[in-house]
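This report concerns only the one structure given below.
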Amino acid sequence: MGVWSGITALVTGASKGIGEAYARELARRGAHLVLVARSGEALERIAEEIRAEHGVEVDTLALDLSADDGVPRLVAELDRRGHAVDLLINNAGAGAVGPFLDSAVERHVASVELNVVALMRLSHVLGGRMAARGSGGIVNIASTAAFQPMPYQATYAASKAFVLSFTEAFAAELRGSGVRVMAAHPGATATGFFDDTTVTMNPALADPPARVAARTLDAYAKGAVNAYPGRPLMRVTTWTARFLPRSAVTRLAGRLNKALGHHRARHLDAPSASARA
Ligand SMILES: NC(=O)c1ccc[n+]([C@@H]2O[C@H](COP(=O)([O-])OP(=O)(O)OC[C@H]3O[C@@H](n4cnc5c(N)ncnc54)[C@H](OP(=O)(O)O)[C@@H]3O)[C@@H](O)[C@H]2O)c1
């Protein structure tokens with residue numbers, strides 16, 4: 001518990017899913033929390049439960065990290081409330097599923113703004129402060145999707161490839177600075193990630209978020225640069241790109257996503273192909 005007790009951890013995307021699990025697991029280990037997402041009511045409900053269960057301090061901030069002023073507003077609010085962040089968990093993420101051309105380009109752009117730009121901005125400003133004081137940590141949530149191109153989740157996988165590459169390089173730059181940087185690569189995890197789409201996740205093949213959160217934090221405590229908090233098979237899928245040509249890996253990933261029905265997937269708030277025709 002030594003690493004966690006009394007620190008202040010900022011968790012983005014904490015209103016549900018893996019982010020909520022990070023918040024609960026960090027609190028269980030003794031960390032104070034700042035929770036961020038767009039859904040203020042959900043954040044407050046979770047904060048109330050965590051305060052009652054673990055007796056740690058929990059603050060909440062409802063804002064859209066994919067908006068131009070999202071990260072500047074968050075940082076201004078942290079300063080106004082007097083929070084010095086010891087651990088940043090860049091977890092908030094989203095992604096279009098289905099053929100690239102079937103989703104409005106705004107959906108792709110918004111996911112890059114969130115998964116890539118907001119994560120990079122937060123790493124820059126809070127990482128800079130941590131480096132100046134010689135302590136702290138950043139955990140960037142990527143995915144097993146980071147390791148290969150994925151037809152029918154093209155933008156999502158590419159955004160996670162950025163997170164992987166960026167995090168490994170940033171971690172190397174900060175080695176010896178007192179600031180630790182790690183990427184986490186969950187595989188399929190039982191959350192509402194596909195809730196607004198026609199895709200359903202097979203619960204038998206998805207890991208529980210609480211386990212993913214605990215394993216991520218254990219790997220961080222051990223000093224890992226990359227964490228694979230899902231079941232072992234999920235990690236094995238990340239090896240194919242090491243052994244096969246990229247064209248074969250892309251074909252395989254496309255076949256797998258087709259088998260999961262992702263080639264027909266659409267977002268429920270988007271017009272269907274027949275309605276558009
Ligand atoms: N589930 C999986 O199978 C899986 C696998 C590998 C990696 N991951 C990664 O794990 C992370 C968490 O995913 P999840 O499955 O827990 O997803 P989720 O259940 O959909 O939760 C996403 C979280 O991000 C927040 N969020 C979304 N858009 C936001 C925005 N514009 N500004 C601020 N917060 C925003 C959501 O809250 P609001 O809607 O309230 O804003 C929510 O708290 C993501 O980075 C995802 O890519 C997931």
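Reading the sequence shown from the start, the letters are residues 1 to 277 in full-length UniProt numbering.
Every residue, glycine too, gets a C-beta built ideally from N, C-alpha and C.
Between the CA atoms of residue j and residue i - distance to the nearest angstrom
i    : j    : result
P99  : D68  : 27 Å
V212 : P186 : 7 Å
M1   : D86  : Residue placement at M1 cannot be trusted, given a pLDDT of 49 that sits under 50; what the coordinates show is reported in the next sentence. Going from the Cα of M1 to the Cα of D86 covers about 15 Å.
S274 : N226 : With a pLDDT of only 47 at S274, under 50, the local geometry of the prediction cannot be trusted, and the value read off the model is given with reservation. Rounded to the nearest angstrom, the two C-alpha atoms are 43 Å apart.
Identity of the residue in the options nearest residue i by Cα
i    : options                   : result
A184 : V112, Y228 and E20        : Y228
L262 : Q153, A157, A118 and L205 : At residue 262 the sequence reads His, which differs from the Leu that was named. Closest option to H262, Cα to Cα, is Q153.
G178 : G137, A157, D195 and R38  : G137
V36  : G30, P208, V109 and T12   : T12
V109 : L65, T155 and P72         : T155
A206 : E25, D195 and G230        : G230
V58  : P72, D64, R28 and L65     : R28
Exposure label - residue i; buried when at least 16 CB within 10 Å
i    : result
R276 : Confidence at R276 is low in this model, with a pLDDT of 46, below 50, so its placement is unreliable and the value that follows should be read with caution. R276 comes out exposed.
Three-state secondary structure (DSSP) of residue i
i    : result
R231 : coil
M130 : helix
H185 : coil
L88  : strand
D207 : strand
A275 : Model confidence at A275 stands at a pLDDT of 47, short of 50, so the residue's coordinates are unreliable; what they give is reported in the following sentence. Note: A275 maps to helix in three-state DSSP.
H83  : coil
T238 : coil
A62  : strand
L35  : strand
A67  : coil
V212 : helix
In DSSP terms, what residue i is bridged to
i    : result
R180 : G137
A42  : DSSP output for A42 lists no bridge partner at all.
H267 : T197
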